[in-house]
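Asks: Following this message is one structure expressed as structure tokens.
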Amino acid sequence: MTKRDMNRIEELFNRKSQRVLNVYFTAGYPTLNDTVGIMESLEATGADLIEIGIPFSDPIADGPTIQESNGIALDNGMTLKLLLEQLEGVRHKFGLPIILMGYINPIVQYGIEAFCQKCQEVGVDGLILPDLPMFEYLEVYKPLFEKHGLLNIFLITPQTSESRIREIDQNSNGFIYMVSSASTTGAKTGISQDQEAYFSRIKEMNLKNPTLIGFGISNKETFDKACENANGAIIGSAFIKAISQEGVIANNINEFIQSIKG
Amino acid sequence: MKVKVDERGYYGNFGGAYIPEMLYPNVEELRDNYERIMQAEDFQEEFQSLLKDFVGRPTPLYFAKRLSQKYGAKVYLKREDLCHTGAHKVNNTIGQILMAQRLGKKKIIAETGAGQHGVATATVCALMGVECIVYMGAVDMERQKPNVERMRILGAEVRAAESGSKTLKDATNEAMRHWINNPTDTHYIIGSVVGPHPYPEMVARFQSVISEEIRKQLLSHEGTEKPDYVVACVGGGSNAAGAFYHYYDDEDVQLVAVEAAGLGNDSGESAATTVLGKPGVLHGSKTLLMQTADGQVVEPYSISAGLDYPGIGPVHAHLFETGRAQFYSATDEEAMQAGIELSRLEGIIPAIETAHALAALNQMTFKAEDVVVLNLSGRGDKDLETYIKWGKY
Ligand SMILES: Cc1ncc(COP(=O)(O)O)c(C=O)c1O
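Taken in sequence, the protein lines are chains A and B.
Going by numbering that gives the first Met the number 0, the first residue of the first sequence is number 0, and it counts up by one from there.
Going by numbering that gives the first Met the number 0, the first residue of the second sequence is number 0, and it counts up by one from there.
So this is what it looks like as structure tokens:
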């Protein structure tokens with residue numbers, strides 16, 4: 000891989016600060032070898048970045064839809080090793096930033112250093128590791144992530160204190176993942192007044208990082224609402240549902256993304 | 000050896016708080032306050048008085064004469080089976096309900112395997128008039144029916160965990176998800192020395208009353224506070240942590256932890272984490288964990304729902320790694336036989352979890368003057384159906 004001056008995620012946000020669309024899907028779902036095809040369809044239909052879920056047996060931050068996709072992906076035989084193999088060479092045909100999202104245990108078993116190295120090799124740009132504590136990150140992981148050009152993306156929620164948001168902002172790069180409500184993924188739909196108050200509170204904090212809103216973003220209406228309050232949004236469960244439908248997956252993806260972008 | 004949790008919640012290499020940001024404020028609130036709350040005078044007064052008058056503590060330390068003859072050592076049983084609700088679990092739920100009240104929490108959730116922790120939680124919620132939801136694996140609901148109904152009689156809602164193996168691990172996942180979705184008014188009463196810091200330490204402290212009493216009681220029986228062995232079964236490890244707690248620094252007291260070997264440790268159907276596990280992260284802590292090479296958690300198996308968990312508390316991973324405790328495991332068959340043996344020799348039908356600890360006596364060698372304290376963590380009422388199905392008595 001040629002060395003890049005700037006991470007693709009940073010490049011993206013330098014270029015685009017509104018209506019950034021980040022789409023999550025689970026590696027190995029609906030079938031084992033769908034991963035790269037889904038990525039290509041997402042790029043073709045105009046997603047801005049993609050977040051590939053590393054399936055885990057015990058995804059405690061996820062609601063039923065993503066739990067089920069994790070279970071099916073594992074039954075299909077997906078592993079972290081296989082996912083990284085599937086991504087080999089993908090950079091010849093795929094230009095969007097790639098984020099891997101996953102619980103820490105499979106990564107610990109793979110080996111942190113080996114994982115970071117392989118991520119860099121195949122062209123991964125960032126990581127979302129929801130159960131990685133901040134101090135572990137700062138002490139053990141950060142130097143490795145930096146060495147291999149990987150950005151670490153932290154989550155904040157409506158309950159996250161202001162001082163912690165500042166700390167997270169300080170230690171993040173790329174963007175901050177704003178969890179829209181106190182919930183597991185896919186649990187709530189729609190955006191309430193409480194949430195809007197939370198969104199404006201964050202806006203007024205003038206964070207150094209861009210923000211993307213995720214959890215409960217499922218259609219054009221919620222996407223638009225999120226984009227009024229942040230630099231864009233992340234769609235997960237609703238996308239998983241869309242690719243679970245009958246029919247050609249590329250067509251389903253196209254239809255779904257068009258319906259969101261309007 | 001010092002077995003102390005450090006500021007970040009580690010026992011040596013194990014522990015910590017590996018939680019998604021959604022749980023951070025709740026866990027942080029508990030971490031910042033539990034020590035102060037536990038040590039407050041009014042807390043201690045209420046805790047001690049409930050342990051005495053509601054739970055029935057101190058539980059006896061009983062010299063088991065016929066069992067002693069059988070094993071050629073002086074065997075004492077710490078009678079946690081005589082606690083109200085039938086197991087040690089209630090020591091922790093009393094402590095945690097008082098903690099929840101002082102944190103201003105209005106609702107309680109819990110996970111349960113055998114149903115003992117669920118019953119103990121439902122009990123303290125009834126006592127305090129607090130709403131209670133207990134998550135239980137659908138498979139466990141089937142094999143521990145009486146406890147499901149006990150929880151319902153006590154006014155708790157029992158929700159079936161239908162994901163994964165439908166046992167304790169999955170009930171724990173569901174309880175954590177519930178907590179994520181209800182972040183402000185709910186306290187999660189974890190039932191063992193597992194979970195993110197400060198749970199393992201807090202639960203151990205509430206259970207440490209067991210070894211506090213053993214020391215005093217043994218002094219009057221034997222003229223010394225220190226036995227040669229303390230033996231306990233380990234699911235998550237709360238009864239063991241309670242029985243070991245005040246002996247950690249006494250290197251001449253051998254700590255013996257007994258895991259469930261299911262159909263045998265080579266059979267693929269076992270729950271013996273120290274035999275089959277590797278370091279990993281589950282339910283908020285780094286510990287020993289049964290998992291695949293890819294880091295997926297393996298479904299354990301044991302006849303005993305309370306031991307059917309793929310990990311152990313981080314303190315036990317530390318005791319194992321440092322050699323401070325010795326680990327044994329007992330199969331379904333060995334445990335069931337040991338359960339019947341205790342029934343016949345001492346007139347006590349033990350919980351099947353506890354029967355695993357009893358089965359280890361067979362694997363150990365004693366000198367006649369050895370003093371062995373075995374933590375009789377619970378009684379077998381809830382397991383009658385399993386005993387009947389097994390049938391060999
Ligand atoms: C009687 C009894 N003993 C032991 C256990 C195992 O739990 P722990 O290892 O936390 O003591 C249980 C759990 O349900 C139990 O009911």
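Think of the CB as a built atom: it goes at the ideal place given N, C-alpha and C, for glycine as much as any other residue.
For ligand 1, I want to know if B/V192 counts as a neighbour, meaning its beta carbon is within less than 8 Å of at least one of the ligand's heavy atoms.
Replies: Under cutoff, so the answer is yes.
Asks: Between A/S243 and chain B, is any beta-carbon pair separated by less than 9 Å?
Replies: no
Asks: Please decide whether B/R393 counts as near chain A, where near means a Cβ-Cβ distance under 9 Å.
Replies: This structure does not reach residue 393 of chain B, given that chain B is present from 0 up to 392, and the question cannot be answered.
Asks: So does the stretch 199 to 214 of chain B actually touch the stretch 140 to 152 of chain B, counting three or more Cβ pairs closer than 8 Å?
Replies: Short answer: they don't touch.
Asks: Please say whether B/A113 and B/Y134 have beta carbons closer to each other than 9 Å?
Replies: No; because the gap between Cβ atoms is not below 9 Å, this pair is not in contact.
Asks: Measuring CB to CB, does B/N12 end up less than 9 Å from B/A316?
Replies: yes
Asks: Can we count B/L254 as close to ligand 1, meaning its CB is less than 8 Å from some heavy atom?
Replies: no
Asks: Alpha carbon to alpha carbon, how far is B/M363 from B/I213?
Replies: 21 Å
Asks: Can you tell me whether B/R323 is buried or exposed, with buried defined as 16 or more other CB within 10 angstroms of its CB?
Replies: buried
Asks: Report the neighbours of A/K80 on chain B: residues whose CB is nearer than 9 Å to its CB, in chain order.
Replies: By Cβ distance, chain B contributes A292 and D293.
Asks: Taking Cβ positions, are A/G70 and B/G163 nearer each other than 9 Å?
Replies: yes
Asks: Using a Cβ cut-off of 7 Å, pull out every chain D residue sitting near B/A16, in sequence order please.
Replies: Annotation note: the requested chain D is absent from the structure, which comprises protein chains A and B.
Asks: Below 9 Å between beta carbons: does that hold for B/V257 and B/A359?
Replies: Going by beta carbons, B/V257 and B/A359 fall inside the 9 Å limit.
Asks: Examine chain A for any beta-carbon lying closer than 9 Å to the beta-carbon of B/T272, and answer yes or no.
Replies: no
Asks: Assuming B/T111 is part of the alpha helix (DSSP H), what are its boundary residues?
Replies: Judged by DSSP secondary structure, B/T111 falls outside any alpha helix (DSSP H) and instead within the beta strand (DSSP E) spanning K106 to T111.
Asks: For A/F153, report the span of its beta strand (DSSP E) as first-last.
Replies: First-last for A/F153: undefined, no H or E at that position.
Asks: Please indicate yes or no: does the CB of B/K88 lie closer than 8 Å to some heavy atom of ligand 1?
Replies: yes
Asks: In chain order, what residues of the same chain lie with their CB nearer than 8 Å to the CB of A/T1, ignoring the 5 residues before and after it?
Replies: Residue placement at A/T1 cannot be trusted, given a pLDDT of 47 that sits under 50; what the coordinates show is reported in the next sentence. For A/T1, where only same-chain residues beyond five positions count, there are no Cβ hits under 8 Å.
Asks: Contact check, B/A119 vs B/T84 under 8 Å by CB: the rounded distance?
Replies: 5 Å
Asks: Can you give me the Cβ contacts of B/E200 inside the same chain, cut-off strictly under 6 Å, excluding the 5 residues immediately before and after it?
Replies: Within the same chain, Cβ atoms closer than 6 Å to the Cβ of B/E200 are found at V4, the five residues on either side in sequence being excluded.
Asks: Excluding the five sequence neighbours on either side, which residues of its own chain have a C-beta within less than 7 Å of the C-beta of B/P24, listed in chain order?
Replies: P182
Asks: For B/P313, decide whether its Cβ has a neighbour in chain A, counting only Cβ atoms nearer than 9 Å.
Replies: no
Asks: Please decide whether B/I93 counts as near chain A, where near means a Cβ-Cβ distance under 9 Å.
Replies: Among the residues facing chain A, B/I93 is not included, as its CB has no counterpart in that chain under 9 Å away.
Asks: In the DSSP assignment, find the alpha helix (DSSP H) that holds B/A119 and state where it starts and stops.
Replies: Q115 to M127
Asks: Can you give me the C-alpha to C-alpha distance between B/E173 and B/K64, rounded to a whole angstrom?
Replies: 44 Å
Asks: Output yes if chain B places a C-beta closer than 9 Å to the C-beta of A/T1; else output no.
Replies: In this prediction, A/T1 scores a pLDDT of 47, lower than 50, which makes its location untrustworthy; no coordinate-derived value is stated.
Asks: Assign A/P58 to buried or exposed, taking buried as 16 or more other Cβ atoms, counted over all protein chains shown, within 10 Å of its Cβ.
Replies: buried
Asks: Check the Cβ of B/N180 against every Cβ in chain A and list those closer than 8 Å, keeping chain order.
Replies: A181, S182, T183 and A186
Asks: Going by DSSP, what residue range makes up the beta strand (DSSP E) through B/K73?
Replies: Counting along the chain, the beta strand (DSSP E) containing B/K73 begins and ends at K73 to K77.
Asks: Taking 8 Å as the cut-off, does the CB of B/Q131 come closer than this to any heavy atom belonging to ligand 1?
Replies: Checking the sequence, you will find Cys at residue 131 of chain B rather than Gln. Relative to ligand 1, the beta carbon of B/C131 is positioned no closer than 8 Å to any heavy atom.
Asks: From this set, B/A354, B/E345 and B/G390, which residue's C-alpha is nearest B/S328's C-alpha?
Replies: B/A354
Asks: Kindly indicate which residue of B/A160, B/F326, B/R176 and B/E156 has the alpha-carbon position closest to the one of B/G236.
Replies: The residue from B/A160, B/F326, B/R176 and B/E156 with its alpha-carbon nearest to that of B/G236 is B/F326.
Asks: Quick check on this structure: which residue in A/Q66, A/E42, A/G52 and A/K80 has the alpha carbon closest to the alpha carbon of A/R90?
Replies: The candidate whose alpha carbon is nearest that of A/R90 is A/E42.
Asks: Does the Cβ of A/V139 have 16 or more other Cβ atoms within 10 Å, making it buried, or fewer, making it exposed?
Replies: Flag for A/V139 reads exposed.
Asks: So, does the stretch 90 to 110 of chain B touch the stretch 179 to 194 of chain B, judging by three or more C-beta pairs under 8 Å?
Replies: yes
Asks: Going by the beta-carbon positions, is the gap between B/V297 and A/V107 smaller than 9 Å?
Replies: no
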